[in-house]
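Data first, discussion second: the structure below is written as structure tokens.
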Amino acid sequence: MVYQNTKRFLKNRLDSQKQDVAWEEYNKEFFAYLASKHSAEDIEENKSEIKVAFADFYAEHFRTMVLFRDKEQLVLRLMPYQLAPSMSRHLPNLIRWVEELKESIEKEGDTLKLSGKLRRKINEEIADSDELVNKSEVIKLAIKTALGLSDEDIIVPMKRTILIHLASGEEGEDEAAQLDEKQLEALCKKTLTFEAIELIIEAMIEEALKTKLNFATLSQGQYEKSVLAVFKYGIADALTKNFKLPDAYVLALSTYLLRTHFSTIYLKFTEQLLRLLTQGDQAVKAFLSRYNGELIVENNLRYKMPIIEGKEGRRWNTMMMSVIAKTWFTNYDKFQEVTSQLERYSYIYDNFSRLNEEVARTLEKCKIDASQINSKLIKISNEIQNCTTQLNVMKLEKKDIATQAAVAQKKSQFQNIYQSFSKNLAELEQEYKTQNQERIKLKEQYKSAEQNIRGLEKQKRQLTAQLEQYEAGFSEMIEAVATALAKRKQPYKGS
Numbered sequence: 001m002v003y004q005n006t007k008r009f010l011k012n013r014l015d016s017q018k019q020d021v022a023w024e025e026y027n028k029e030f031f032a033y034l035a036s037k038h039s040a041e042d043i044e045e046n047k048s049e050i051k052v053a054f055a056d057f058y059a060e061h062f063r064t065m066v067l068f069r070d071k072e073q074l075v076l077r078l079m080p081y082q083l084a085p086s087m088s089r090h091l092p093n094l095i096r097w098v099e100e101l102k103e104s105i106e107k108e109g110d111t112l113k114l115s116g117k118l119r120r121k122i123n124e125e126i127a128d129s130d131e132l133v134n135k136s137e138v139i140k141l142a143i144k145t146a147l148g149l150s151d152e153d154i155i156v157p158m159k160r161t162i163l164i165h166l167a168s169g170e171e172g173e174d175e176a177a178q179l180d181e182k183q184l185e186a187l188c189k190k191t192l193t194f195e196a197i198e199l200i201i202e203a204m205i206e207e208a209l210k211t212k213l214n215f216a217t218l219s220q221g222q223y224e225k226s227v228l229a230v231f232k233y234g235i236a237d238a239l240t241k242n243f244k245l246p247d248a249y250v251l252a253l254s255t256y257l258l259r260t261h262f263s264t265i266y267l268k269f270t271e272q273l274l275r276l277l278t279q280g281d282q283a284v285k286a287f288l289s290r291y292n293g294e295l296i297v298e299n300n301l302r303y304k305m306p307i308i309e310g311k312e313g314r315r316w317n318t319m320m321m322s323v324i325a326k327t328w329f330t331n332y333d334k335f336q337e338v339t340s341q342l343e344r345y346s347y348i349y350d351n352f353s354r355l356n357e358e359v360a361r362t363l364e365k366c367k368i369d370a371s372q373i374n375s376k377l378i379k380i381s382n383e384i385q386n387c388t389t390q391l392n393v394m395k396l397e398k399k400d401i402a403t404q405a406a407v408a409q410k411k412s413q414f415q416n417i418y419q420s421f422s423k424n425l426a427e428l429e430q431e432y433k434t435q436n437q438e439r440i441k442l443k444e445q446y447k448s449a450e451q452n453i454r455g456l457e458k459q460k461r462q463l464t465a466q467l468e469q470y471e472a473g474f475s476e477m478i479e480a481v482a483t484a485l486a487k488r489k490q491p492y493k494g495s
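This is how it looks when you write it as structure tokens:
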């Protein structure tokens, strides 16, 4: 779950397309969030999951480097891919392998499954490549090119195979039939928590709206034919990326999740569509406008569209939806922002004593170490003075050069030691100064946090009241829209 919660934080707080991330602004908040979900031991033992989560979050646009400085501080570096997938030197060979082994691809309904041999050839070609390119996108481009796939077809790379859903046909057979309902339920409970399922659904919908459902070109028939497949294979893709599951279980579990969380999926899908509507997405507006109960013509046939209808027959048009959704999202986003700020200030406030004690211990240690070094410096200074006196006496007494050289060498050694300790003392003094400034800063943050918490708690209460005021209308609307989107157009037999 460290992986899933890291991904959740990144998705809520950062933009995966932006390279200029001031991570130091998010570091404390991030570790405070993880600490609220996991024990310190759990976080320490699963640092590798944190790194993988960062890599997966930014995978489409950047390579990542995550370094841990200590238990609650990491350094993030983002490096853009230097090559587009189409420029990869591996692309021609990958296309050739797919074309040569095309006959080994299995087909079940509208699902293509690459053979284990072909998957191995692909891995051998690109897995260990030093190219600065998104390897997954290179593989998808090669398969798409070799098999002549369309943009609507869905490619899901897995560990031992690759699945392709052809969006042009009807939904294929239920792959989940290999496991009965009790086995699927047990597998789901064993593998996924409620939070993990929620994360999978969110990731699937985000990807679907970004790359699979282009409402500017999608006809009603294409939407109805492809939407469930997009959901199912999107869940399969999210499961493959986020969990170590045998390939045989992935589609079975994705079908099970689609069936058991059907309402939740459509409600979250609708919520994101309404958010796009409030942002002025004209394609989404045109798509939602179809659901008005009127007739449409597709392939020279007439169909009656479903109606977006709420309680007591109340109909919703896009203008009404946009107004209510915009009011809701404005307050909801502000509520989320205030909650996040409150968590950040609460972390400082709640941990002030611990952090202050840590700084105080460091300051005390600096004092003790500095005192010990000063004592040593006094002793070494006396030794140097003694050597100087000895050399002066030897010169007056005209002692032999070898004896003088021995004392001079001894003096030089003491001087080197003195310089080394002096350097250490200077570093300690700088550390003391830095830590003292940190303590002053910490106290200022504590006072600021105390004041901000009061203000933010008041804001949160006000926003909570506003959300409660708008919740009934928004919920009614979103349920009405989701219900309509889950229906199909009906053949019209009238004259």
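Position one of the sequence shown corresponds to residue 1 (the numbering used here), numbered consecutively onward. By construction, the Cβ of each residue, glycine as well, lies at the ideal position given by its N, Cα and C atoms. Computed from a predicted structure; not experimentally measured.
Three-state secondary structure (DSSP) at N5? helix
W328 versus L213, I155, Q272 and F474, residue with shortest Cα-Cα distance: F474
Using the Cα positions of E45 and I417, report the straight-line distance between them to the nearest angstrom. 42 Å
Using CA coordinates, which residue listed in I122, L425, W316 and K487 is at the minimum distance from I378? L425
Could you tell me the boundaries of the beta strand (DSSP E) in which V133 lies? No beta strand (DSSP E) holds V133; DSSP gives it neither H nor E.
Would you list, in sequence order, the uninterrupted alpha helix (DSSP H) runs of no fewer than 4 residues that lie entirely inside the segment 152 to 231? 181 to 191 and 194 to 207
Cα-Cα separation between E25 and K365, rounded to whole angstroms: 29 Å
Ignore the nearest five residues each way along the sequence and tell me which others in N12's own chain have a CB closer than 7 Å to its CB. none
Can you find at least 3 beta carbon pairs, one from the segment 1 to 16 and one from the segment 315 to 334, that sit closer than 8 Å? no
Close beta carbons around S136, own chain, < 8 Å, minus the five adjacent residues each side: A59 and P157
Quick one: what does DSSP say R302 is sitting in, helix, strand or coil? strand
Leaving out five residues before and five after L199 in sequence, what residues of the same chain have Cβ atoms less than 7 Å from its Cβ? These residues qualify, in order along the chain: Q4, K7 and R8.
For F421, does the three-state DSSP call read helix, strand or coil? helix
For the alpha helix (DSSP H) holding V98, just list the boundary residues, first then last. L91 to E100
Alpha carbon to alpha carbon, how far is L463 from T230? Give it in angstroms, no decimals. For the record, residue 230 in the displayed sequence is Val; it is not Thr. Distance between the alpha carbons of V230 and L463: 36 Å.
Would DSSP call I105 helix, strand or coil? coil
Supposed contact pair K117 and S104 - C-beta distance, whole angstroms, cut 8 Å: 6 Å
Can we say the segment 296 to 308 touches the segment 220 to 228, given the rule of at least three CB pairs closer than 8 Å? yes
Would you kindly check if the distance between the Cβ of Y303 and the Cβ of A502 is under 8 Å? No answer is possible for residue 502: the residues shown for the chain start at 1 and end at 495.
Does the Cβ of M204 have 16 or more other Cβ atoms within 10 Å, making it buried, or fewer, making it exposed? Per the 10 Å Cβ criterion, buried.
Straight-line CA distance for G169 to L213? Bear in mind that the predicted position of G169 carries a pLDDT of just 45, short of 50, making it unreliable; the figure below should be weighed with that in mind. Approximately 16 Å, taken between the alpha carbons.
What number of angstroms, rounded off, separates the C-alpha of K285 from the C-alpha of A486? 17 Å
V481 versus L288, A53 and E41, residue with shortest Cα-Cα distance: L288
So, using beta-carbon positions, are Y345 and N452 closer together than 8 Å? yes
Nearest to P92 (by Cα), restricted to the options L78, E72 and A146: A146
Look up R315 in the DSSP assignment and say whether it is helix, strand or coil. Assignment of R315 by DSSP, reduced to helix, strand and coil, places it in the strand class.
If you compare alpha carbons, which of Y349, K411 and E427 is closest to E448? Before going on, a small fix: residue 448 reads as Ser here, not Glu. Nearest to S448 by alpha-carbon distance, out of Y349, K411 and E427, is Y349.
Where in the segment 7 to 60 do unbroken runs of the alpha helix (DSSP H), each at least 4 residues long, occur, reported from the N-terminal end onward? Counting whole runs of 4 or more residues, the segment 7 to 60 contains the alpha helix (DSSP H) stretches 27 to 37, 40 to 45 and 47 to 58.
Pick from L253, N374 and Q459 that is closest to E181, judged by C-alpha positions: L253
Bridge partners of F329, per DSSP? Answer is none; F329 lacks a bridge partner.
Cβ neighbours of I308 in the same chain (closer than 7 Å, five flanking residues each side left out): Y291, R315, W316, A480, V481 and A484
From the DSSP output, which residues share a beta bridge with R63? M79
Helix, strand or coil: how does DSSP classify D70 here? strand
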